[in-house]
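Protein chains in written order, with full-length UniProt numbering: chain Y, 1 to 355; chain B, 1 to 355.
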């Protein structure tokens, strides 16, 4: 166990890459900061975390990550305010969810100190990598994967917990997101791993998403695998709709990720008196509402995408445009959340976490 | 494109590990041969495969395999007969299935020559690693994973195709396999990736399998995720039952892997005049047959496990023992298949492939 940040050994880079980065034109998640945190699980215990220069990882070809997809991750963002304070958004929720995911994937849970102190120490060291421009942030990726060896299809005996960070711009390069309601492919099974941030959940979405992209959509909205009757989630985002003035989103389940942005939106709605319903949402209800003009908004919510208004959705060969509202719920939630994240407003919820 | 084995560059090991291996006491898939084949996909094309000493792989921490589980694999075995000829079993079917899996995981298909010539060259080089004792073989693991960088949840731009091999004993250390018919957790969704040999399919099974192991079972028999009404597969094996004298197995689907041992058994049954039915198999039918004594056998079929008789199954808190038959279908199929694999019999099917 580690008690304080001081106990994390730090090996600093000799040559910072920071001057080579164009902070005004940041892509998403493809430029990496100088350092990373690495922590090995061996002989039934997590060893002390170390911070070292961002560098390649060496693994045996039989490491189970390559063969059996045993991995979990979290997505977070670090923000810097005008006074150069560093902030995270609800990091303990990421910590809890990481362990929920790990349990489902038969992976060892991580002690809280390793996660929280590791984050703080790494972010303080690489603080200059946190962008300050609007819409940019330091994307923080804690992940755990099976490094133990062997071709037997069973849990590994060794794991690596790593935190790597990437100064990033917007997740969607275009502001206008057009989605396809999917009825052939599925993301998750009842009793499966859909609620976990497990690696394999994402690879399975790539091919159906490619097919949707070929038809002119950016993302797929997944429906239940049984009858494709209900809206589930969008893979990297939970989905909200606004019918008349009521906000609706599906309940979390063993198929649907318990998104931190999703639940923050529900809490803001409650506080602001926006009528919100968490209930199973039929595709038919959304299509009917689009047809009769009561569907006012549709948006995705997730750490990477924040709040992403959906401009149109496709269903059974038809496209349905969403109205462009002056005062949308999406922009209201986005402003409220990002104002808290960047320390531009009060935080009555206690979500902001000072690093 | 490569045309012949000669074009595969070979870097031989300077120090063979073979003398350190106890070939009379081989575990499954945890001792690795001297060499491996590595082939990189970059800039939209597969580069020439190389054979090199078995060694660690170096990857960027943002390699998509760690984050999004983009990986596929195959399981094969190489056999050596008394005249030291090397044999594979239906390798072209593994090649085809690898590409079927890759397509579903949005990964590039591999040219046939790379797979077949790569296998042959590697196996000839490491021929002394192929065990000759009954029940042992060289387990061959071709796999492809996403090595390309980036935290964006989208397909990688670089991949590695590797073939590694491991001299191996039996997959199940005990001959008596007891399975649990699962009704809470599920392996695959309709429209999902269950038919693919994709890494994430396996990690998702570990936790439910651990729970079953704690209750005294070795494996889980998966049922459909909708109502848990039908027998699907066992994760590393397809499932067969024998009711009276009729063999029954479920149809392959987008949830069930098209097993090579499975289809070989069906072909043998057809040739030998054993009545066989490929149809949806209700859990209730199996339980009823166990109760009224018409359930004669239950066995798993897969490359690693070959044909594994199931001694008992658990369902809703009760255990059902299977009879111990003198002349079981399982032993008949196992003998027929392994006789072909080890070149101890004629091969009227044309399944044996000389390396």
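For each residue, glycine too, the CB sits at the ideal point set by N, CA and C.
Q) Does the separation of the CB atoms of residue 210 of chain Y and residue 172 of chain Y fall below 9 angstroms? A) no
Q.
For a cutoff of 9 angstroms on Cβ pairs, would you count residue 171 of chain Y as touching chain B?
A. yes
Q) Can you name the start and end residues of the alpha helix (DSSP H) that residue 115 of chain B belongs to? A) 112-125
**Q.** Backbone CA spacing between residue 5 of chain B and residue 121 of chain B [nearest angstrom]
**A.** Annotation note: pLDDT 44 at residue 5 of chain B (below 50); position unreliable, no value reported.
Q | Spatial distance of residue 315 of chain Y from residue 230 of chain Y (CA atoms) | A | 13 angstroms
Q | Closer than 9 angstroms at the beta carbon, the chain Y residues around residue 333 of chain B | A | Near residue 333 of chain B there are no residues of chain Y at all, since even the closest Cβ is about 22 angstroms away, more than 9 angstroms.
Q: Could you list which residues in chain B have their beta carbon closer than 7 angstroms to that of residue 106 of chain Y, in chain order?
A: 206, 207, 210
Q: Can you give me the Cβ contacts of residue 64 of chain Y inside the same chain, cut-off strictly under 8 angstroms, excluding the 5 residues immediately before and after it?
A: 70, 146, 147, 148, 149, 150, 155, 156
Q: State yes or no: is the beta carbon of residue 184 of chain B nearer than 9 angstroms to at least one beta carbon in chain Y?
A: yes
Q: Using 10 angstroms around the beta-carbon of residue 271 of chain B, count the other beta-carbons present and answer buried if the total reaches 16, otherwise exposed.
A: exposed
(Q) One question on the structure: do residue 129 of chain Y and residue 34 of chain Y come within less than 9 angstroms of each other, judged by their Cβ atoms? (A) yes
Q.
Tell me which residue opens and which closes the beta strand (DSSP E) that residue 139 of chain B is part of.
A. 137-146
Q) Distance, Cα to Cα, residue 274 of chain Y vs residue 190 of chain Y? A) 31 angstroms
Q: Measure from the alpha carbon of residue 183 of chain B to the alpha carbon of each residue in B/165, B/298, B/208, then state which is nearest.
A: B/208
Q) So what does DSSP say about residue 365 of chain Y, is it helix, strand or coil? A) Nothing about residue 365 of chain Y can be read from this structure; chain Y reaches only from 1 to 355.
Q) Whole-angstrom Cβ separation of residue 29 of chain Y and residue 166 of chain Y, contact assumed at under 8 angstroms? A) 5 angstroms
Q. Cβ of residue 138 of chain Y less than 9 angstroms from any chain B Cβ?
A. no
Q. What separation, rounded to the nearest whole angstrom, lies between the Cα atoms of residue 255 of chain Y and residue 43 of chain Y?
A. 33 angstroms
Q: Determine which residues share a DSSP beta bridge with residue 221 of chain Y and list them.
A: Y/181
Q) DSSP three-state call for residue 108 of chain Y: helix, strand or coil? A) coil
Q. Pick from Y/297, Y/289, Y/232, Y/302: whose alpha carbon is nearest that of residue 278 of chain Y?
A. Y/232
Q. Taking the beta strand (DSSP E) that residue 67 of chain Y falls in, what are its first and last residues?
A. Note, residue 67 of chain Y: premise wrong, no beta strand (DSSP E); alpha helix (DSSP H) at 64-68.
Q. Name the chain Y residues whose beta carbon is nearer than 9 angstroms to that of residue 292 of chain B?
A. None at all; the shortest Cβ gap to chain Y is about 29 angstroms.
Q) On the three-pair Cβ rule with 8 angstroms, is the region 236-246 of chain B touching the region 294-303 of chain B? A) yes
Q: Check each candidate in B/118, B/78, B/276 and name the one with the smallest Cα separation from residue 10 of chain B.
A: B/118
Q | Contained alpha helix (DSSP H) runs [length at least 4] in the region 221-301 of chain B, N- to C-terminal order | A | 260-272, 283-292
Q. Can you find a CB in chain Y that lies within less than 9 angstroms of the CB of residue 151 of chain B?
A. yes
Q. Is DSSP giving residue 37 of chain Y helix, strand or coil here?
A. strand
Q: Taking 9 angstroms as the cut-off, decide whether the C-beta atoms of residue 92 of chain B and residue 116 of chain B are in contact.
A: yes
(Q) Assuming contact is defined by CB atoms lying nearer than 9 angstroms, are residue 177 of chain Y and residue 86 of chain Y in contact in what I supplied? (A) no
Q: Could you work out which residues of chain Y lie near residue 67 of chain B, taking near to mean beta carbons separated by less than 9 angstroms?
A: 71, 73, 141, 143, 145, 199, 202
Q.
Measuring only the C-alpha atoms, how far is residue 329 of chain B from residue 297 of chain B?
A. 8 angstroms
Q: Take residue 101 of chain B and list the residues in its own chain whose beta-carbon comes closer than 7 angstroms to its own, dropping the five residues that flank it on each side.
A: 72, 196, 197, 198
Q | Beta-carbon contacts of residue 37 of chain Y that lie in its chain and below 6 angstroms, excluding the five residues immediately before and after | A | 49, 51, 118, 122, 163
Q | Spatial neighbours of residue 348 of chain B in its chain, beta-carbon cut-off 8 angstroms, leaving aside the 5 residues before and after | A | 271
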